[in-house]
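When the sequence shown is numbered by the working numbering, its final residue is 1138 and no position is left out of the sequence of numbers.
Using N, Cα and C, we set each Cβ at its ideal position, and we do this for glycine too.
Remember, predicted model here, so these are calculated numbers, not experimental data.
Working notes, beginning with the structure itself.
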Amino acid sequence: MRALASPLARLASLTLASATRAHPHCHVSSTRFNRLSTLACPAARHSAHALPAALSAAFSGSSSLASSPPPSADDSPARKRAKMAAAGDAAADAAATGSGSAAGARRIGTHSGTFHCDEAMGCFLLRRTEKFKDADVTRTRDEKTLATLDAVIDVGGVYDPATDRYDHHQKDFKEVFGHGFSTKLSSAGLVYKHYGEEVVAALMGLPKDHAHVRKVYLAVYRSFMEALDANDNGINQFESDKPPRYVITTHLPARVGRFNPDWLDHCSKDGEDAAFQKAMALAGRSSWRP
């Protein structure tokens, strides 16, 4: 099975398609540039796009597309994919499980008990931002404890980006991503809506307001994040004979769900929290290529 880089590392890969004009050494074809433009448009034909092979291991520490040297002719595509997959997986694990216990470190809260893909992805994304870099994750439903935390995801009954509260279970909740998308957001989509461009920009080594960042930000929502939102909200992909409502390129929610301890195992709170750490790591490194 050929190695695949992490989904967030692929954000940078997708961008290379649109960045060709600014960075000609990347040698990305105009066909892939047009494909990216199609992906960024929600009105485009819904189909499972075979995303280009990763051209940049974003998690490996590369800081700039412009400063990256041209690919070596001695490196085979398979060898490069294997190297990038290894770098992406290692960085995803570090981002999910790294210590945030230093003095002054921020704290992220989510609910205890059975976990789902949306809060695993939401926590992972937040911990990739400058504000919440390597923050501790506290899993609880205690309202007093949640009130003391710097961000709360998927619990608490509040959606307020000003205070970093990202719950979507309120009866009157109707928030969508915008930009032509109409799928109700999960906690993952809420975090991506407010912090996705920052994460994408950092992985690409570009300013947040760069045009390429916005294109990839929208393309990734359509190709990956929207399906996570729909899954968590119970929205079917198909409605009778109409075109599919969204694109599925991974079964990440089911794979994350398998990390939940079996109810017969009588798992301890520490065991549940350790399983959630694994779920966060999987959310960060799992391939979203069909």
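Beyond the five residues adjoining it in sequence on each side, His1042 comes within less than 7 Å, by CB distance, of Pro1009 in the same chain, given in chain order. Residue range 1117-1133 is occupied by the alpha helix (DSSP H) that includes Arg1133. The way I'd put it, the segment 1030-1038 does touch the segment 967-984; three or more beta-carbon pairs between them come closer than 8 Å.
Bounds of the beta strand (DSSP E) holding Thr958 are 955-958.
Taking all protein chains shown into account, Leu1112 has fewer than 16 neighbouring C-beta atoms within 10 Å of its C-beta and is therefore exposed. For the 7 Å CB-CB criterion, Arg1013 and Asp984 do not form a contact. Here the alpha carbons of Pro1091 and Leu974 stand approximately 33 Å from one another.
In the three-state reduction of the DSSP assignment, Tyr1014 falls in the strand class. For Gly952, the three-state secondary structure derived from DSSP is coil. Out of Phe1072, Cys1115, Tyr1094, Glu1087, the CA that lies nearest to the CA of Ala1131 is found in Phe1072.
Annotated three-state conformation of Arg987 is strand, per DSSP. Of the other Cβ atoms in all chains shown, 16 or more fall within 10 Å of the Cβ of Arg1070; this residue is therefore buried. By the Cβ-count criterion, Gly1004 is buried, with 16 or more other Cβ atoms from all chains shown falling within 10 Å of its own Cβ. In the DSSP assignment, Val1024 forms a beta bridge with Lys1032. Inter-segment contact for the segment 1091-1103 and the segment 1050-1062 is absent: fewer than three beta-carbon pairs are separated by less than 8 Å. Asp966 sits in a helix when the DSSP states are folded into three classes.
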